[in-house]
Structure formats: structure tokens, C-alpha cells
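Below you'll find the structure, written out as C-alpha cells, and then a few comments.
Protein chains in written order, with our numbering: chain Z, 1 to 114; chain F, 1001 to 1115.
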């Protein structure tokens, strides 16, 4: 069965610093990978996704992630953090042969210090 | 831009009562999902629905839960006899089709509080 592990339940960075949120997955077949963001008291918003093709994917708000099959990773990065990036970030995996259900990681809360 | 909507935004109910959570998916989408998020925990898959039937359900989705698409637009989650541990945020999501980007669009959620 597939699973997702996010290293670090809480990451704190200074404004303008690099953001790196880690995600590793376990899957018996090539997965589709997603990053979602959840702002306080709101729903989940898709940041970016990897399905096939280019392994470096760019998303909204300046975020990007790279699919590394050999490392079973899909880490999320942003070169320069902004105060508005403070939120909960969830990595998720989906398998083509399982009707699209998403399996989520535990989430990483990102804090941005001024 | 089309969006998934959910009502109510917050539901308070007493243990043992039945609740119905409502969702209106994006109109041309074919796949529908319910997830839940207990406070402070990760988002968990409950059930997926396609072609007017359940396509997959998790072990959480036991006999007290049911889903329905009564009129071709709404998608409901019913909890027959609520328990304290059912208190959570419930998210509805919809997806266009499996041949597309596999992107699910989430509603804003219904916060269910069982007292």
C-alpha cells in the first residue's frame, strides 16, 4: 500500500529565506504526486502536481517541486519565503489504478518570521 | 472560476443524532470524494463515488456512513448515529476524469462538532 511521509511537522524560516518541505512516498507503481496548501480555517488548495513528463514542476505562488524516483521524494521548495506563505502544507499521492483517491502525509506547518 | 461548495460550514450535533453534510461538486466533474481531518491530524480518505456508486471506501467508512447523489448536482455524506470521535472537518472533492490531470478540487469543508 502507498504511504506518504513528511519530515518535520513544523518548519520555521525567516522572510526571504529558502523554504524546503520534505516529502517521501512509498508506492509499488509510479504515483501521481501533489502538494496542497491549507490556510487557517480554509480548505485545501492545489499548489502543484506531478503526473508524467518533466520531473521539476512549478506551481502557484513561486513554489516548485522535483520528483526524484530514485529517492522516492517530492520535496517542495520556494527560493524566498513570504509572510503570506505561512500555512499547513500537505503532500499527497494518488495511483492511476485506484480511482484517484489521495493519500496524504501528516502535514507540515510552515511559519515565516519577519 | 467554478468551485466546490459545502454546507453547512459548521454543524453542531448531539451524540447519536444523524447528520447530513452537503456538497455541490463542479458541474462537469465525474468523480466525487469525501475526506475528513480530525483536529491536528492528517487528511484521511473516506470514500470515492463514480457513476452513481461507491468505487472505493476506507476502513473508516463503516455502516454508519453513507453517500448519495440524489439529484445529479448535490453529493451528500450521511452519518447515521454520530459519535464523539466523528468530530472533524469533512471535505468534499471532485475530479473531472481520470484521463485529465488527476486534479481534485476541494470544498472549504464542514466542521462537525459532536457533543
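Even for Gly, the Cβ is constructed at its ideal location relative to N, Cα and C.
None of these values were measured; they are calculated from a predicted model.
Check whether the Cβ atoms of residue i and residue j lie closer than 8 Å to each other.
| i | j | result |
| --- | --- | --- |
| residue 71 (chain Z) | residue 56 (chain Z) | no |
| residue 1103 (chain F) | residue 7 (chain Z) | no |
| residue 1031 (chain F) | residue 1050 (chain F) | yes |
| residue 1043 (chain F) | residue 1061 (chain F) | no |
| residue 62 (chain Z) | residue 1056 (chain F) | no |
| residue 1011 (chain F) | residue 1076 (chain F) | no |
| residue 25 (chain Z) | residue 33 (chain Z) | yes |
| residue 21 (chain Z) | residue 11 (chain Z) | yes |
Identify the contact partners of residue i in chain C, using a Cβ-Cβ distance below 7 Å as the criterion.
| i | result |
| --- | --- |
| residue 21 (chain Z) | The chain labelled as chain C is not found among the protein chains of the depicted structure, namely Z and F. |
Buried or exposed: residue i, going by 16 or more other Cβ atoms within 10 Å of its Cβ?
| i | result |
| --- | --- |
| residue 1115 (chain F) | exposed |
| residue 75 (chain Z) | buried |
| residue 1019 (chain F) | buried |
| residue 1079 (chain F) | buried |
| residue 1084 (chain F) | exposed |
Run down chain F in chain order and give the residues with a C-beta less than 7 Å from the C-beta of residue i.
| i | result |
| --- | --- |
| residue 103 (chain Z) | 1045 |
| residue 94 (chain Z) | 1102 |
| residue 7 (chain Z) | By Cβ distance, chain F contributes nothing, its closest Cβ being about 14 Å from residue 7 (chain Z), past 7 Å. |
| residue 43 (chain Z) | 1091, 1106, 1107, 1108, 1109 |
Considering just the uninterrupted stretch of the beta strand (DSSP E) at residue i, what are its terminal residues?
| i | result |
| --- | --- |
| residue 1060 (chain F) | Taken as a continuous stretch (DSSP letters only), residue 1060 (chain F) belongs to no beta strand (DSSP E), as it is neither H nor E. |
| residue 24 (chain Z) | 24 to 26 |
| residue 89 (chain Z) | 87 to 94 |
| residue 3 (chain Z) | 3 to 5 |
| residue 1042 (chain F) | Neither: residue 1042 (chain F) is in no beta strand (DSSP E) and is coded neither H nor E. |
| residue 1095 (chain F) | 1088 to 1095 |
Check the Cβ of residue i against every Cβ in chain Z and list those closer than 8 Å, keeping chain order.
| i | result |
| --- | --- |
| residue 1032 (chain F) | In chain order: nothing, as chain Z lies at least about 10 Å away. |
Name the chain Z residues that come within less than 9 Å of residue i, Cβ to Cβ?
| i | result |
| --- | --- |
| residue 1002 (chain F) | Within chain Z, no residue comes near residue 1002 (chain F); the closest Cβ sits about 14 Å away, beyond 9 Å. |
Counting only Cβ pairs nearer than 9 Å, list the residues of chain F close to residue i.
| i | result |
| --- | --- |
| residue 90 (chain Z) | 1042, 1043 |
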